[in-house]
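FYI, numbering that gives the first Met the number 0 numbers position 127 of the sequence shown as 126, with every residue one higher than the one before it. Inspection log for the structure reproduced underneath, given as structure tokens.
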Amino acid sequence: MTKARSDYRILVVDDQKSMRGLATYFLKQIEFQDIDEAENAREALMKMQTKRYDLLLLDWNMDGMSGIDLLRAIRSVPELNQIKIIMATSERSVDKMDEATTNGADHYVVKPYELRDLEVRVKKVLAC
0 MTKARSDYRI
10 LVVDDQKSMR
20 GLATYFLKQI
30 EFQDIDEAEN
40 AREALMKMQT
50 KRYDLLLLDW
60 NMDGMSGIDL
70 LRAIRSVPEL
80 NQIKIIMATS
90 ERSVDKMDEA
100 TTNGADHYVV
110 KPYELRDLEV
120 RVKKVLAC
């Protein structure tokens, strides 16, 4: 039996408040409800210690620990390998996309993105 979209737990990690807000708004528009936000990798790691997420929407370029470094850290912990991760960045480089998938990202979205861009990727990653 497939989970209802409202049952998925999503963490949006981005150092820009406006991008976190936009991502959360878009996710709610496509019927996801359990959405948390983190402004940096450290906050994301703390939240992941207390809540099990199904999906991370993870910004690449953040102050402190970058999104790609957080991706590597998550993928190095077997208990966190079930989390689906979509990397988000303004860089359109094929090399960046390859680096993200090589390091364990499930998908990639280029910012700024539209609702449909995010919806297609989330549906594919979560198979919902």
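Glycine included, every Cβ here is placed at the ideal spot set by N, Cα and C. As the structure is a computational prediction, the values presented were derived from the model and not from experiment.
Neighbourhood of residue i by C-beta, 7 Å cutoff - its chain only, sequence neighbours within 5 removed
{"i": "Pro111", "result": "none"}
{"i": "Lys32", "result": "The sequence shown places Gln at residue 32, not Lys. These residues qualify, in order along the chain: Ser5."}
{"i": "Lys83", "result": "Asp53, Leu54, Asp105, Val124, Leu125"}
Residue i (DSSP reduced to helix, strand or coil)
{"i": "Ala37", "result": "strand"}
Residue(s) in a DSSP beta bridge with residue i
{"i": "Asp58", "result": "Ala87"}
{"i": "Arg8", "result": "Asp33"}
{"i": "Tyr130", "result": "With the chain covering 0 to 127 only, the question about residue 130 has no answer from this structure."}
Exposure of residue i, with buried meaning 16 or more beta-carbon neighbours within 10 Å
{"i": "Tyr7", "result": "buried"}
{"i": "Thr100", "result": "exposed"}
{"i": "Tyr52", "result": "buried"}
{"i": "Gly63", "result": "exposed"}
Cα-Cα separation, residue i to residue j
{"i": "Ile73", "j": "Asp58", "result": "14 Å"}
{"i": "Ser17", "j": "Thr49", "result": "25 Å"}
{"i": "Tyr107", "j": "Pro77", "result": "22 Å"}
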